[in-house]
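Chemist: Pasting a structure here, questions to come.
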Amino acid sequence: MPTTSPRALGPELVLAGRLGKDVDVLVVALSTSEDGLELVITDDISGDALAAELLDAFEAVGATGKADEIIRIPAPAALDVTSVLAVGLGKSADIDIERIRRSAGTAARALSGTSIAATTLSALDLGAAAEGFFLGAYTFTEFKSALSAPTSEAGPLGRVELLVADPRAREVKDELTRSVAIAESVAIARDFVNTPPSHLYPEKFAARAKTLGTAAGLSVEVLDDKALEKGGYGGIHGVGKGSSRLPRLVRLTHSGGKRKSKKVALVGKGITFDTGGISIKPAAGMENMTSDMAGAAAVIATVILAAKVGLELDIVATVPMAENMPSGTAQRPGDVLTQYGGITVEVINTDAEGRLVLADAIVRACEDDPDYLIDTATLTGAQVVALGNRTPGVMGTDEFRDRVAEISQAVGEDAWAMPLPGEIRRELDSRVADLANVTNGRAGGMLAAALFLKEFVADGVQWAHIDVAGPAFNTGGPFGYIGKGGTGVPVRTMFAVLEDIVENG
Ligand code: BES
Ligand code: MN
Ligand code: ZN
Numbered sequence: 115m116p117t118t119s120p121r122a123l124g125p126e127l128v129l130a131g132r133l134g135k136d137v138d139v140l141v142v143a144l145s146t147s148e149d150g151l152e153l154v155i156t157d158d159i160s161g162d163a164l165a166a167e168l169l170d171a172f173e174a175v176g177a178t179g180k181a182d183e184i185i186r187i188p189a190p191a192a193l194d195v196t197s198v199l200a201v202g203l204g205k206s207a208d209i210d211i212e213r214i215r216r217s218a219g220t221a222a223r224a225l226s227g228t229s230i231a232a233t234t235l236s237a238l239d240l241g242a243a244a245e246g247f248f249l250g251a252y253t254f255t256e257f258k259s260a261l262s263a264p265t266s267e268a269g270p271l272g273r274v275e276l277l278v279a280d281p282r283a284r285e286v287k288d289e290l291t292r293s294v295a296i297a298e299s300v301a302i303a304r305d306f307v308n309t310p311p312s313h314l315y316p317e318k319f320a321a322r323a324k325t326l327g328t329a330a331g332l333s334v335e336v337l338d339d340k341a342l343e344k345g346g347y348g349g350i351h352g353v354g355k356g357s358s359r360l361p362r363l364v365r366l367t368h369s370g371g372k373r374k375s376k377k378v379a380l381v382g383k384g385i386t387f388d389t390g391g392i393s394i395k396p397a398a399g400m401e402n403m404t405s406d407m408a409g410a411a412a413v414i415a416t417v418i419l420a421a422k423v424g425l426e427l428d429i430v431a432t433v434p435m436a437e438n439m440p441s442g443t444a445q446r447p448g449d450v451l452t453q454y455g456g457i458t459v460e461v462i463n464t465d466a467e468g469r470l471v472l473a474d475a476i477v478r479a480c481e482d483d484p485d486y487l488i489d490t491a492t493l494t495g496a497q498v499v500a501l502g503n504r505t506p507g508v509m510g511t512d513e514f515r516d517r518v519a520e521i522s523q524a525v526g527e528d529a530w531a532m533p534l535p536g537e538i539r540r541e542l543d544s545r546v547a548d549l550a551n552v553t554n555g556r557a558g559g560m561l562a563a564a565l566f567l568k569e570f571v572a573d574g575v576q577w578a579h580i581d582v583a584g585p586a587f588n589t590g591g592p593f594g595y596i597g598k599g600g601t602g603v604p605v606r607t608m609f610a611v612l613e614d615i616v617e618n619g
């Protein structure tokens with residue numbers, strides 16, 4: 115990851131009223147209805163006759179319009195492009211914003227190597243098309259040397275012209291600006307997650323967060339290990355002390371609030387690599403623990419986004435960063451540590467490290483007296499067992515938890531509300547300390563982790579904890595606007611919640 119000059123995070127997105135010159139590929143959308151295959155909005159750019167010709171051509175090559183289907187044909191003579199690519203939107207009755215975003219992403223992935231594309235998807239929903247194209251075109255090639263360059267596909271998608279009825283309208287321009295800012299921040303989170311642990315360890319992560327945060331207008335404070343130990347951050351220190359790369363705590367502040375506006379705290383788990391520590395993980399799949407700082411990446415990207423768009427809200431992101439390693443200086447199972455604020459914890463399993471660093475950060479964040487606190491983390495394998503790889507679990511105070519889940523579903527990140535059963539809390543009682551960091555069995559592992567965190571949230575704070583163990587990192591094949599590796603989840607959820615708080619308090 116470059117620390118000096120920022121790379122282009124995605125294709126250039128521009129508005130257009132009609133098909134420009136030099137466009138290589140026109141991307142149109144097909145859907146299905148009871149009347150058969152439909153071409154979704156092309157009359158504006160092509161006129162009825164051409165639209166009918168395109169539809170016939172796609173039908174002739176077997177297009178069905180099913181969701182994410184990709185079919186490419188040579189352009190009809192009347193169109194000044196090389197080819198026309200159709201992406202499926204599925205049943206027309208089922209088309210929603212997320213469907214458009216995903217189809218745009220699928221189209222963008224099919225366009226790698228294309229210099230200039232234009233699309234009509236933007237006439238359906240500009241923001242969704244912009245985000246889908248930008249994020250679908252995202253690639254992470256930082257560590258590909260010249261050796262792999264000739265075999266990989268030609269360069270990334272260069273530019274997308276988004277066709278809309280009125281490209282000069284203020285609202286249209288504003289919508290594009292907003293969507294590009296959102297997509298760029300998702301890409302910032304993805305870059306952090308995709309950077310390997312050899313190159314992203316606490317010191318580097320903190321420095322990079324500071325560079326990006328400062329550039330966006332945030333004030334940034336970094337506590338190093340000495341300051342953490344002295345300050346009583348026993349969780350971050352305890353987890354981090356097994357590594358030669360010592361921990362950090364980063365605080366990024368956006369002061370955008372007006373007189374009566376709410377204060378929001380964001381907290382994200384920043385374990386730059388999780389071996390499990392002395393309670394070491396099995397080798398198979400351990401490499402995926404490069405993603406264990408995805409919560410941190412998401413909150414850093416979100417507060418940067420808030421600054422970029424000038425959200426009228428006071429937001430402080432508190433981000434603990436540590437590497438969980440086994441060594442002669444590592445904490446042991448059975449050790450007792452004192453969290454920031456004084457609660458003592460028996461560390462029964464050193465692999466339940468996320469909650470230890472988060473507890474310190476949550477207590478610190480609550481000292482600022484926030485109205486709302488959102489924390490997010492790749493916290494438990496149990497999240498994946500309960501909800502799968504694409505559905506974050508959200509727990510917390512009832513009302514705010516439900517609000518976050520609803521907003522997450524509206525933006526297509528699909529978080530699902532989960533309960534905090536009282537009987538599980540009792541299993542966190544410790545023989546020697548105030549709390550144990552794990553329960554005895556595996557039952558309700560995601561909920562147990564959240565119940566542990568709940569102990570550290572100050573009374574009166576509306577709290578949501580988003581477990582993204584599965585959704586933050588895609589180990590399967592690409593889909594929609596999500597490629598392999600870091601996904602940027604839950605940046606769009608958190609940003610939409612912040613916007614909702616600005617709007618509704
Ligand atoms: N970072 C892991 C959770 C994780 C698992 C993230 C899979 C992404 C994919 C976390 O630190 C962890 O190890 N959790 C333990 C908790 C257990 C010891 C109670 C787990 O889930 O096994
Ligand atoms: Mn762990
Ligand atoms: Zn972890």
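Throughout, our numbering is defined as the position within the sequence shown, counted from one, plus 114.
Positions of the beta carbon are idealized from the N, C-alpha and C atoms, including for glycine.
#1: If you measure from the CB of I350, is any heavy atom of the ligand ZN nearer than 6 angstroms?
#2: Using the rule of at least 16 other Cβ atoms within 10 Å of the residue's Cβ for burial, across every protein chain shown, is P361 buried or exposed?
#3: With respect to the beta strand (DSSP E) encompassing F387, which residues constitute its N-terminal and C-terminal limits?
#4: Count the other CB atoms within 10 Å of the CB of A323; is the residue buried (16 or more) or exposed (fewer)?
#5: In three-state DSSP terms, what is P116?
#6: By DSSP, does M439 sit in helix, in strand, or in coil?
#7: With 16 as the cutoff for other CB atoms within 10 Å, does T443 come out buried or exposed?
#8: Under 8 angstroms, with one C-beta from each stretch per pair, do the segment 454–465 and the segment 546–553 reach the 3-pair mark?
#9: Go ahead and pull the three-state DSSP assignment for F319.
#10: Please report the straight-line C-alpha distance between G384 and G468, rounded to a whole angstrom.
#11: Over the uninterrupted beta strand (DSSP E) stretch that includes T464, give me the two end residues.
#12: Between the beta-carbon of K142 and the beta-carbon of A200, is there less than 7 angstroms?
#13: Which same chain residues, not among the five before or five after D406, have their C-beta less than 6 angstroms away from its C-beta?
#14: Return the bridge partner residues of P434 from the DSSP annotation.
#15: Relative to the ligand ZN, is the shortest distance from any of its heavy atoms to the C-beta of I385 smaller than 6 angstroms?
#16: Residue range of the alpha helix (DSSP H) that I615 falls in?
#17: Terminal residues of the continuous alpha helix (DSSP H) containing E520?
#18: Please identify the residue among V433, E426, C480, G391 whose C-alpha is closest to the C-alpha of P440.
#19: Are at least three pairs of beta-carbons, each pair with one atom in the segment 526–540 and one in the segment 499–518, less than 8 angstroms apart?
#20: Please report the residue range of the beta strand (DSSP E) in which A491 lies.
#21: Have a look at I184 and N588 and give me their C-alpha separation to the nearest angstrom.
#22: Name the DSSP bridge partner or partners of V459?
#23: Go through its chain and collect everything with a Cβ distance to Y486's Cβ below 6 angstroms, but skip five positions before and after it.
#24: To the nearest whole angstrom, what separates the beta carbons of G134 and A244, a pair I think is in contact under 8 angstroms?
#25: Excluding five sequence neighbours on each side, which residues of the same chain lie with their C-beta closer than 6 angstroms to the C-beta of I538?
#26: What is the DSSP secondary structure of R186, reduced to helix, strand or coil?
#27: To the nearest angstrom, how far is it from the Cα of A130 to the Cα of L276?
#28: Enumerate in chain order the residues of its own chain whose CB-to-CB distance from G370 is below 8 angstroms, with the five nearest sequence positions on each side excluded.
#29: Note down the Cα distance separating V381 from F248, rounded to an integer number of angstroms.
#30: Would you check if there are 3 or more beta carbon pairs closer than 8 angstroms linking the segment 330–345 to the segment 277–287?
#31: Restricting to Cα atoms, I'd like to know which of G599, T325, N551, I580 is closest to E401.
#32: Pick helix, strand or coil for D593, following the three-state DSSP scheme.
#33: Using only alpha-carbon positions, find the residue among V195, G348, A303, G354 that is nearest to D474.
#34: Whose CB is closer than 5 angstroms to a heavy atom of the ligand BES? List the residues in chain order.
#35: What did DSSP end up calling I538 once you bin it into helix, strand or coil?
#36: What residue does the alpha helix (DSSP H) around K287 start on, and which one ends it?
Modeler: With the given structure in hand:
#1: no
#2: buried
#3: 384–388
#4: buried
#5: Interpretation of P116 is limited by its pLDDT of 45, a score under 50 that renders its predicted location unreliable; the figure taken from the coordinates is listed afterwards. Coil, per DSSP.
#6: coil
#7: exposed
#8: yes
#9: helix
#10: 8 angstroms
#11: Run containing T464: none; DSSP gives neither H nor E here.
#12: The question names Lys, yet the displayed sequence has Val at residue 142. Yes, Cβ-Cβ distance for V142 and A200 is below 7 angstroms.
#13: I385, D388, T492
#14: L363
#15: yes
#16: 605–618
#17: 512–524
#18: G391
#19: yes
#20: 486–491
#21: 22 angstroms
#22: L451, L549
#23: V378, Q576
#24: Incorrect: roughly 17 angstroms between the Cβ atoms, too far for contact.
#25: G558, L561, A562, L565
#26: strand
#27: 6 angstroms
#28: A420, A421, G424, L425, E426, L427, D428, I429
#29: 27 angstroms
#30: no
#31: G599
#32: The sequence shown places Phe at residue 593, not Asp. Strand, per DSSP.
#33: G348
#34: D388, D406, N463, D465, A466, G468, T492, T494, G495, V552, A583
#35: helix
#36: 284–308
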